[in-house]
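Reviewing the structure listed below.
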Amino acid sequence: MEALEVLDLIDRAEDSTIQLKQDLKNSTQLASEMVAFSNTRGGIIIVGVSKEKDIIGLSDQDIERVNQLISNVSDQNVRPPISPITEVVKIESKKLLLISIDEGVNKPYATNEGIYWTRKGSDKRKLSQEELQRLFQDTGRIYADEQIINGSTSRDIDRSYFEEFYEREYEETIGQAGLPLDKLLSNLKLSGDNGLRLAGLLLFGKKPHDFKPAFQIKAVSFYGNDPTDTHFKDSEDTKGKLLNQYENALGFMLRNLRRIQNGDNFNQEGKPEIPRIVLEELLVNALVHRDYFINAPVNLFVFDDRLEITSPGKLPNNLTVEHIKNGVSVIRNPVITSFASHILPYRGVGTGIRRSIKNYPHIEFQNDIESERFRVIIKRMMLD
27 MEALEVLDLI DRAEDSTIQL KQDLKNSTQL ASEMVAFSNT RGGIIIVGVS
77 KEKDIIGLSD QDIERVNQLI SNVSDQNVRP PISPITEVVK IESKKLLLIS
127 IDEGVNKPYA TNEGIYWTRK GSDKRKLSQE ELQRLFQDTG RIYADEQIIN
177 GSTSRDIDRS YFEEFYEREY EETIGQAGLP LDKLLSNLKL SGDNGLRLAG
227 LLLFGKKPHD FKPAFQIKAV SFYGNDPTDT HFKDSEDTKG KLLNQYENAL
277 GFMLRNLRRI QNGDNFNQEG KPEIPRIVLE ELLVNALVHR DYFINAPVNL
327 FVFDDRLEIT SPGKLPNNLT VEHIKNGVSV IRNPVITSFA SHILPYRGVG
377 TGIRRSIKNY PHIEFQNDIE SERFRVIIKR MMLD
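See below:
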């Protein structure tokens, strides 16, 4: 790295990817910094600079000592081990040591003491249980929809609804299958030894909100374009199984959007200003692909100039907005996804976003990594 680039980094001061250190001597402290960078987006530690951004520099002996410390810590104090890259840069006749740490590909990382760290702004902090679960989810080691719901049993299944589904999909009744309900649910990965899985509860439960009240859609139609306005035209909390949430939220959108005649007979109802297929695709996407490790609802807001659908969770596995617009997808909830096309108007992984854009290009996607949210903004066409 060139000296001017390093000066620019120092001038920026510390943030989530840059840290300044006058010296490094403590292996435990260095391990925690390496883990934090590896669990987030990576970063650079600049050694030889004070917190006040004064360039102190390191002697050749200091550089040799710190390099040895880095080698030992990255191999022995970080689990799994990492491979940082070091570089010496001379500025104002003083030598600085740059330690570049990539975002890890084997998350989550921990110190040899078993502590998981993450970066938040210029500071590091321990990962919460929820954040740790999401990191394991990103690596495909656990999935939220496969988690057992404590206290739930097969009695919490809407049996008639499940029987109708089973007979429709497998062309036989549960009685003809010759297996008890508990065994059928287990075979379909909807339950485990100690209760229903989250997928079973959300897909076929009588009252999923009794166990997971946050897993719903909060819908509000505002006057104007200000989300802080306490006056609104319409609101609804859509609860229940995923099909109920989908149907109620779709109905909410349709009744709060304008109808356009487009030359049709005035006695006909007209078409929604935003094509129905777009509303369906983006709503199903929010229900099927949201992060169920985050205990929060999907928010559906209708403004005068736009419609917003905000899902808990950023895009998984380093996906970007450009990736999903081009059909790239990662399955976050495999059990829910496997049932989605049989219950919801779900047309396949990676196709919904592309189909939505094709039918209505006035859509913006925001992947908020810091706040762990994914927002879809659908512009409403202003009519005379």
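So for the sequence shown, my numbering puts the first residue at 27; every next one is plus one. Glycine residues also receive a C-beta, built at the ideal position from the N, C-alpha and C atoms. Predicted model, so just to flag it, every value in this text is computed and none were measured.
With a cutoff of 8 Å on beta-carbon distance, L158 and L95 are scored as not near each other. Membership of P360 in the alpha helix (DSSP H) is indicated by the continuous run P360 to I369. For A245, there is no enclosing alpha helix (DSSP H); the enclosing beta strand (DSSP E) has its first and last residue at I243 to F248.
Partner residues in the beta bridge of K297, as assigned by DSSP, are I286. Around the CB of D80, fewer than 16 other CB atoms lie within 10 Å, so the residue is classed as exposed. Distance check between Y372 and each of L345, P338, E307 and K351 places E307 closest, using alpha-carbon atoms only.
Take the alpha-carbon of L227 and the one of D149: they are about 38 Å apart.
With respect to I82, S76 sits close: the two C-beta atoms are nearer than 8 Å. Of the residues A170, Q163, Q87 and Q155, the one whose Cα lies closest to the Cα of G74 is Q87.
If you draw a straight line from the Cα of N220 to the Cα of S97, it is about 45 Å long. For the set D236, K233, Q45 and V115, the Cα lying nearest the Cα of R145 is the one of Q45. DSSP places G147 outside both helix and strand once states are collapsed to three, so it counts as coil. Membership of I383 in the alpha helix (DSSP H) is indicated by the continuous run G378 to N385.
Comparing alpha-carbon positions, the option among M407, G177, D182 and R160 lying closest to I395 turns out to be R160. Between L222 and L214, the C-beta gap is not smaller than 8 Å, which leaves the two residues out of contact. Rounded to the nearest angstrom, the gap between the Cα atoms of R194 and H368 is 9 Å. Between E390 and the set G166, R406 and L313, the nearest pair of CA atoms involves R406. Residue environment analysis places P107 among the exposed positions, since fewer than 16 neighbouring C-beta atoms fall within 10 angstroms of its C-beta.
Under the Cβ criterion (8 Å, minimum of three pairs), the stretch 258-270 does not count as touching the stretch 344-361. Between T137 and F162, the alpha-carbon positions lie close to 16 Å from each other. CA-to-CA, the gap between P387 and D164 works out to about 30 Å.
Linking L283 to R302 through their CA atoms gives a straight-line distance of about 11 Å. DSSP places D394 in the strand class (E or B) of the three-state scheme.
Here DSSP, grouped into helix, strand and coil, assigns D252 to coil. Taking C-beta separations shorter than 7 Å and ignoring five residues to either side along the sequence, the partners of I117 in its chain run A29, V32, L33 and I81, following chain order. Contact fails between the stretch 50-70 and the stretch 166-179, because fewer than three Cβ pairs, one in each stretch, are under 8 Å apart. Shown here, P323 sits in coil according to DSSP, grouped into three states, outside any helix or strand.
With the rule of 3 Cβ pairs closer than 8 Å, the stretch 230-237 counts as touching the stretch 183-198. Closest option to L326, judged by alpha-carbon separation, among E295, S247 and E398: S247. Residue burial annotation: G130 is buried, with at least 16 other C-beta atoms found within 10 angstroms of its C-beta. The Cβ neighbour count for K209, taken over all protein chains shown within 10 Å, is under 16; the residue is labelled exposed. When the Cα atoms are used, T254 and L276 turn out to be separated by approximately 23 Å. For I36, the uninterrupted alpha helix (DSSP H) run begins and ends at A29 to R38, by DSSP. Exclusion of the five residues before and after P338 leaves R316, D317, I320 and A322 as the residues of its chain whose Cβ lies within less than 6 Å of its Cβ.
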